[in-house]
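Numbering of the sequence shown is given in numbering that gives the first Met the number 0, commencing with residue 0 and proceeding in unit increments.
Glycine included, C-beta positions come from ideal geometry on N, C-alpha and C.
None of the values given here were measured: they were computed from a predicted structure.
Single-structure report; data block below.
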Amino acid sequence: MASNGGVDSTADTDTYRPLQTSTVSLDVNKLQSLPNEQKELYLLSYLADLKRLVLSFDKDGATSHQFFVKKEIFKILNLSSPAPAKVTRDITGVCLAETFGRGDRKLLFESINELNTMLSGGGKGDKDIKIRQWVS
């Protein structure tokens with residue numbers, strides 16, 4: 000049987016390592032240091048881990064991790080490169096929808112206001128391009 004490196008690897012038959020908040024944090028410095036052709040792959044790998052974490056939440060887990068998930072998704076939204084592919088936009092949307100759908104919605108309104116601020120702050124060339132990338 001494949002072990003995933005968990006504490007009790009004999010009882011664990013899952014092929015994935017256990018998900019912990021500390022193992023899912025996006026390393027922006029590492030992402031920016033990668034060659035352009037590897038940036039999207041690194042980001043997709045990170046998003047797959049984040050999505051798996053979010054889908055494992057129950058109501059209490061979703062509520063307790065909302066701020067972390069929101070912070071990580073907003074890090075991705077503020078990246079200058081790589082330009083988000085459709086799959087990137089889809090996974091970030093799923094992560095936010097599942098987190099707020101399962102947990103408390105108090106942070107949802109604050110997040111919507113921050114997104115509106117990001118959208119209305121556009122018109123400065125680079126911001127305008129970023130908005131078009133995420134909205135299309």
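N- and C-terminal bounds of the alpha helix (DSSP H) containing residue i
i	result
PHE66	58-76
ALA47	35-54
ASP89	85-101
LEU114	105-119
SER137	One cannot answer for residue 137 here, as it falls past the ends of the chain, which runs 0 to 135.
Residue nearest to residue i in terms of C-alpha spacing, selected from the options
i	options	result
LEU76	ASN112, VAL93, MET117	MET117
GLU113	ALA82, LYS85, ILE72, THR87	ILE72
LEU40	GLU109, SER119, VAL93, THR87	THR87
Rounded Cβ spacing between residue i and residue j (contact assumed at less than 8 Å)
i	j	result
VAL27	LYS74	6 Å
LYS38	SER80	6 Å
Closer than 8 Å: residue i CB and nearest the ligand MN heavy atom
i	result
LYS38	Absence of the ligand MN is noted for the structure shown, with no ligands found whatsoever.
Three CB pairs or more closer than 8 Å across the segment 97-106 and the segment 55-72 = At 8 Å Cβ cutoff, the stretches touch.
Would the segment 82-97 and the segment 49-59 be scored as touching if the rule is three or more Cβ pairs under 8 Å?
-> Touching, yes, given that three or more Cβ pairs across the two stretches are closer than 8 Å.
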